[in-house]
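Report on the structure given below.
Residue numbers (the numbering used here): 2 to 217.
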């Protein structure tokens with residue numbers, strides 16, 4: 002199977018020392034959740050910790066049903082250029098943030114009978130979808146959805162596969178050749194506690210994923 006190297010996003014980061022440890026592993030993206038209802042809320046993180054990310058890691062601000070002005074203010078404070086919208090945001094909401102210069106990702110809660118056509122209106126508006134398990138808690142459930150629904154993915158927007166991917170899933174992820182898949186979104190199953198990732202487990206997953214991709 003020939004494709005670009007997978008993007009890896011590690012989401013739900015909060016602790017400065019842990020941020021630096023995960024940063025050293027070289028994920029493509031690091032997610033910071035600005036939602037008071039999340040145990041991984043990053044609102045208390047010093048802005049310079051996020052601004053000073055190194056090793057090519059790009060920060061992503063994750064928001065749930067917040068105004069464009071609030072998102073803009075927060076992202077300017079933290080030096081964030083990518084926003085992930087994890088609520089009920091419309092294409093118009095996404096378009097406004099794009100107009101303000103942000104790269105916009107939109108989360109989709111995947112159900113067994115998802116109607117992909119309902120999301121076609123986001124084409125040309127968002128740069129990427131993040132596919133997550135359907136949960137009343139807006140992510141971080143640690144549960145997988147049925148990946149077979151991705152076989153018929155008809156949209157032009159690439160996506161990150163999330164929703165309960167765990168440390169033992171590297172070979173399964175690498176073998177997944179569903180259309181549109183650009184990478185993975187990792188969160189709760191790599192944690193010691195909410196917001197605190199285990200760098201050793203993450204490193205093992207990243208190394209295993211890379212080796213498996215090389216053999217594809």
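All C-beta atoms, glycine included, are put in the ideal place defined by N, C-alpha and C. Bear in mind that the values here come from a model prediction, so they are computed numbers and not experimental data.
Which same chain residues end up closer than 6 Å to residue i when comparing Cβ atoms and leaving out the 5 residues on each side of it in sequence?
| i | result |
| --- | --- |
| residue 40 | 195 |
| residue 29 | 8 and 9 |
| residue 146 | 111, 134 and 164 |
Considering residue i, what are the terminal residues of the alpha helix (DSSP H) in which it resides?
| i | result |
| --- | --- |
| residue 173 | 171-175 |
| residue 18 | 17-24 |
| residue 193 | Premise fails: residue 193 lies in the beta strand (DSSP E), 192-194, not in any alpha helix (DSSP H). |
| residue 147 | Here residue 147 belongs to no alpha helix (DSSP H), and DSSP marks it neither H nor E. |
Excluding sequence positions up to five away, which residues of its chain have a Cβ less than 7 Å from the Cβ of residue i?
| i | result |
| --- | --- |
| residue 180 | 154 |
| residue 222 | The structure shown does not extend to residue 222, since the chain spans only 2 to 217, so no value can be given for it. |
| residue 167 | 190 |
| residue 19 | 197 and 198 |
Taking its Cβ as the centre, do 16 or more other Cβ atoms sit within 10 Å of residue i, making it buried, or is it exposed?
| i | result |
| --- | --- |
| residue 116 | exposed |
| residue 44 | exposed |
| residue 71 | exposed |
| residue 75 | buried |
| residue 124 | exposed |
| residue 47 | exposed |
| residue 66 | exposed |
| residue 62 | buried |
| residue 38 | exposed |
Along the beta strand (DSSP E) that carries residue i, what are the first and last residues, could you check?
| i | result |
| --- | --- |
| residue 109 | 104-111 |
| residue 32 | 30-34 |
Helix, strand or coil: which one does DSSP assign to residue i?
| i | result |
| --- | --- |
| residue 7 | coil |
| residue 52 | helix |
| residue 153 | helix |
| residue 41 | coil |
| residue 205 | helix |
| residue 60 | strand |
| residue 183 | strand |
| residue 212 | helix |
Would residue i count as contacting chain C if we go by Cβ distances under 8 Å?
| i | result |
| --- | --- |
| residue 166 | No chain C is present in this structure, which holds just one protein chain. |
For residue i, I'd like the list of residues in its chain whose CB is within less than 8 Å of its CB, leaving aside the five on either flank, ordered along the chain.
| i | result |
| --- | --- |
| residue 59 | 29, 30, 31, 82 and 83 |
Which whole-angstrom value is the C-beta distance of residue i and residue j, which I expect to be below 8 Å?
| i | j | result |
| --- | --- | --- |
| residue 130 | residue 160 | 4 Å |
| residue 210 | residue 171 | 4 Å |
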